[in-house]
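In the working numbering, each residue's number is its place in the sequence shown (first place is 1) plus 335.
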Amino acid sequence: MLPADAQRLLDFWFDVPGGPAWNTYRRAWFSKDAAFDAAVCEALMPMWRAACERVGDRDGAPDDCAPDDCAPDDWSDTPEGACARIVLLDQIPRNAFRGDPRAFATDAAALALSRRVIALGWDRLLPTPQHRMFCYMPLQHVEDLDAQHESVRQLTLLRDETGLDTVYWAEKHRDVIARFGRFPHRNAVLGRANTDEEAAFLQEPGSSF
């Protein structure tokens, strides 16, 4: 049985089985929607802050959130619990902290769990393709080319096996990392200086995600 908070997160993010948004691709997941962001903060930010307390930052903005410290241990005992933990660590801060370094604070922990889920084959035991897709998102978000290649591979398999197709975006993320070694659109948020090539790239339509 899932912990109550993990189940609440899954119900919020994916809807309940048989609900109107169950097994659908929700546009709010990947768009800037102030109302959705506010709902995420109200419903789920306490869980994210609690998950980060053990690394010593009571504001929920750890400098380095280790995989074993970033969520209740019992969340990762089952495929659905691990999926909930990945959404908590990878997605929730992105909605809550747009334009803030805290948006990426728990990426490393999410990536570690994503790789574990794939290694155990738990991604294939999840109830919908959308659950499975979110288990791969940490691969797409990290500034590491090997992880980007794995993201493309996993999302291609997902498309071929279920019809849920987000391969275009996976390839776009991978191509940016292959070219620059990092995401230039994060530079301003993270206090990094742009190279001339990055500055030119950021003037192009669609250069940010």
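We treat Cβ as the ideally placed atom computed from N, Cα and C, and that holds for glycine.
| Check | Outcome |
| --- | --- |
| E478, DSSP secondary structure in three states | coil |
| Buried versus exposed, by CB contacts within 10 Å (16 or more), L455 | exposed |
| Terminal residues of the alpha helix (DSSP H) in which E388 lies | Note, E388: premise wrong, no alpha helix (DSSP H); not H, not E. |
| Alpha carbon of N358 to alpha carbon of W364, nearest angstrom | 13 Å |
| Bounding residues of the alpha helix (DSSP H) (the contiguous stretch that carries N522) | 522-525 |
| 6 Å CB neighbourhood of C470 in its chain, flanking five on each side removed | C418, I421, S449, V452, D458 |
| Residue from V524, S542, F515, A356 whose Cα sits closest to the Cα of T530 | F515 |
| Backbone CA spacing between L424 and H520 [nearest angstrom] | 21 Å |
| Delimiting residues of the alpha helix (DSSP H) encompassing R362 | That residue, R362, is in no alpha helix (DSSP H); it is neither H nor E in DSSP. |
| For D435 and L493, the rounded distance between their alpha carbons | 31 Å |
| Residue of L460, T497, Y503 minimising C-alpha distance to V487 | Y503 |
| Pair within 8 Å by beta-carbon distance, Q475 and Y360 | no |
| With 16 other Cβ atoms within 10 Å as the buried cut-off, status of G354 | exposed |
| Status (buried if at least 16 other CB within 10 Å, exposed otherwise) for F544 | exposed |
| Proximity test, A528 beta-carbon vs the ligand FAD heavy atom, cut-off 7 Å | Because no ligand of any kind appears in the structure shown, any question about the ligand FAD cannot be addressed here. |
| Identity of the residue in I427, Q342, V351, D409 nearest C292 by Cα | The structure shown does not extend to residue 292, since the chain spans only 336 to 544, so no value can be given for it. |
| C-alpha distance - P540 paired with L461, whole-angstrom precision | 35 Å |
| Pick from M382, D372, D481, R517 that is closest to P338, judged by C-alpha positions | M382 |
| Member of L525, F439, Q342, R509 whose CA lies at the smallest distance from the CA of P414 | Q342 |
| V524 versus F347, R433, D409, Q489, residue with shortest Cα-Cα distance | R433 |
| Continuous alpha helix (DSSP H) stretch holding W340: start and end | Rather than Trp, the amino acid found at residue 340 in this sequence is Asp. Where D340 is concerned, the enclosing alpha helix (DSSP H) stretches over 339-349. |
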